[in-house]
Amino acid sequence: MKINIESFPETELKQKYSSEDNLGFGKIFTDRMLVIEYKNGAWEDPTIKKYSPITLDPSAIVLHYAQEIFEGQKAFSTPDGQINLFRPDRNAARFNSSARRMMMPEVDPEIYLTGLKELIKLEKDWAPKSPGTSLYIRPTMIGIEPGLGVRPSTDYLFYIILSPSGPYFPEGFQCVKIFVSEFYIRAAPGGTGSAKTGGNYAASLLVGGEAENYGCSQVLWLDAIHKKYVEEVGASNIFFVYDDVIYTAPLTSGTVLPGVTRDSTIQLAKDGGMTLKEEALSIDEVIEGIYSGKTSEVFMSGTAASIAPVGSLYYQNKEHIINNFEIGDISKKLYRQLTDIQYGKVEDPYGWIVRVM
Ligand SMILES: Cc1ncc(COP(=O)(O)O)c(C=O)c1O
335 MKINIESFPE TELKQKYSSE DNLGFGKIFT DRMLVIEYKN GAWEDPTIKK
385 YSPITLDPSA IVLHYAQEIF EGQKAFSTPD GQINLFRPDR NAARFNSSAR
435 RMMMPEVDPE IYLTGLKELI KLEKDWAPKS PGTSLYIRPT MIGIEPGLGV
485 RPSTDYLFYI ILSPSGPYFP EGFQCVKIFV SEFYIRAAPG GTGSAKTGGN
535 YAASLLVGGE AENYGCSQVL WLDAIHKKYV EEVGASNIFF VYDDVIYTAP
585 LTSGTVLPGV TRDSTIQLAK DGGMTLKEEA LSIDEVIEGI YSGKTSEVFM
635 SGTAASIAPV GSLYYQNKEH IINNFEIGDI SKKLYRQLTD IQYGKVEDPY
685 GWIVRVM
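For what it's worth, our numbering labels the leading residue of the sequence shown as 335, then goes sequentially.
In structure tokens:
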């Protein structure tokens, strides 16, 4: 595979951020992007070029019928000056699984990974180094063929952009409040819940606004059929420590995104001797358990935060406080284990880390 690297005048390089203190999330983008076009039934050679707007025909399929998929992953600066990717093969595989669901062409995982590494190498000076910061990676594919009428596009654009990002918890590791959606649902069996496609997120915006009214930063989705079983959160999977067993929703119904962090958390918990079940747990059991002491901890898993402890669930017009709004021991331990591997502070016994350089 040949990667074309388009040069541009140094005077067009962006002014880099002056401090890593206020990076936030998804606000700053680096100088370059990786782009691959799909035409006449085949992918062309990848090109790394100046980060710049994309020109689309106003009738492009993606703009009307949302034929779009994306990924979210991170690169981490290590104490020895390297850059680590965390299980990037998993993201490439999930990207292709999303592509199949949305009738889009798959991207060769080798090209995905090599292209990503090349891009990061060129942009390495943008990778922040302070604790908790990362270089967020957003691979995306859109159907760009012009023309109205619901059908899969013939032409596609795959691109990767990079965004230096601050810590998920700028004020330190702390509990978050979650709003349980009783009426609206995220994904039904047979739908697109297990694909990372923009429409799933667009459909969640209305409830996200409602959650904010109650001071909640995230929405917990229940299963679409019974509105009873806990499934996942807006951009994370979720785990419940209930009666000393860790539960997370199974992936079998196809309504839950198969999180890379979810899979890693399951492995770490099991290897740590904890009992973990991928089984349905009802919201009633969770809420009753908060008062009986059976629900001792709740935490989310996702690329954004790695592990984020949940301090309360807002359900049926009431805030139910978990573990006195304190971070539980299991959440703390898993957060530490996971982030230590990601940031290269400890040996990675699982082969999860891929070094960029
Ligand atoms: C809906 C949803 N669930 C779960 C996750 C967590 O997945 P991962 O651990 O791969 O980031 C994400 C984030 O990508 C998500 O958007």
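Glycine included, C-beta positions come from ideal geometry on N, C-alpha and C.
Item                                                                                                         : Value
Cβ-based neighbour list, Gly358, same chain, cut-off 8 Å, excluding 5 preceding and 5 following              : Ser499, Gly500
Assumed close pair Ser665, His654 - CB separation to whole angstroms, cut-off 8 Å                            : Not really, about 17 Å apart at Cβ, beyond 8 Å.
Identity of the residue in Gly375, Tyr385, Asn374 nearest Pro343 by Cα                                       : Tyr385
Proximity winner among Ile382, Lys667, Gln416, relative to Gly607 (alpha-carbon distances)                   : Lys667
Glu695 burial status per 10 Å Cβ neighbour count (16 or more: buried)                                        : The structure shown does not extend to residue 695, since the chain is modelled only from 335 through 691, so no value can be given for it.
Complete beta strand (DSSP E) runs within the segment 555-636 (minimum length 3 residues, chain order)       : 564-567, 570-576, 579-582, 610-612, 629-636
With 16 other Cβ atoms within 10 Å as the buried cut-off, status of Met634                                   : buried
Identity of the residues DSSP links to Arg435 by a beta bridge                                               : BP columns for Arg435 are empty, so no partner.
Contact between the segment 508-520 and the segment 549-562 (3+ Cβ pairs under 8 Å)                          : yes
Where the beta strand (DSSP E) containing Val510 begins and where it ends                                    : 510-514
Closest residue to Asn430 among Ser616, Leu419, Tyr446, Arg421 (Cα-Cα distance)                              : Tyr446
Of the listed residues Tyr372, Ile495, Phe659, Met436, nearest to Ile478 (C-alpha basis)                     : Tyr372
Any non-hydrogen atom of ligand 1 closer than 8 Å to Leu453 Cβ                                               : no
Distance, Ala603 Cα to Tyr677 Cα                                                                             : 19 Å
Glu505, DSSP secondary structure in three states                                                             : coil
Cross-strand partners of Ala536 (DSSP beta bridge)                                                           : Bridge partners of Ala536: none, in fact.
Contacting residues, own chain, Cβ-Cβ under 8 Å from Tyr576 (five flanking each side not counted)            : Leu615, Glu619, Val620, Gly623, Lys628, Thr629, Ser630
Nearest-angstrom Cα separation, counted from Lys561 out to Val484                                            : 31 Å
Straight-line Cα distance separating Ala522 from Ile559                                                      : 7 Å
Ligand 1 heavy atom lying under 8 Å from the CB of Gly406                                                    : yes
Heavy atom of ligand 1 within 8 Å of Asn571 beta-carbon                                                      : yes
Complete beta strand (DSSP E) runs within the segment 413-471 (minimum length 3 residues, chain order)       : 417-420
Environment of Val567 [buried if 16+ CB atoms lie within 10 Å]                                               : buried
Spatially closest choice to Met437 from Thr412, Ile403, Glu457, by CA coordinates                            : Ile403
Three-state secondary structure (DSSP) of Gly406                                                             : coil
Ile656, buried or exposed, once every other Cβ within 10 Å from all chains shown has been counted against 16 : buried
Per DSSP, cross-strand counterpart(s) of Glu371                                                              : Leu491
Member of Pro380, Phe420, Gln349 whose CA lies at the smallest distance from the CA of Asp597                : Phe420
Residue(s) in a DSSP beta bridge with Pro498                                                                 : Leu469
Reduced DSSP category for Gln552 - H, G, I as helix; E, B as strand; rest coil                               : strand
Distance cut-off 8 Å: Gly466 Cβ against heavy atoms of ligand 1                                              : no
First through last residue of the beta strand (DSSP E) which encompasses Ile655                              : 652-655
Three-way DSSP call (helix, strand, coil) for Ile395 in this model                                           : helix
heavy atom of ligand 1 below 8 Å from Ser635 C-beta                                                          : yes
Where Met367 falls, given that 16 or more other Cβ within 10 Å makes a residue buried                        : buried
Cβ-based neighbour list, Ala638, same chain, cut-off 8 Å, excluding 5 preceding and 5 following              : Phe359, Gly406, Tyr502, Ala569, Ser570
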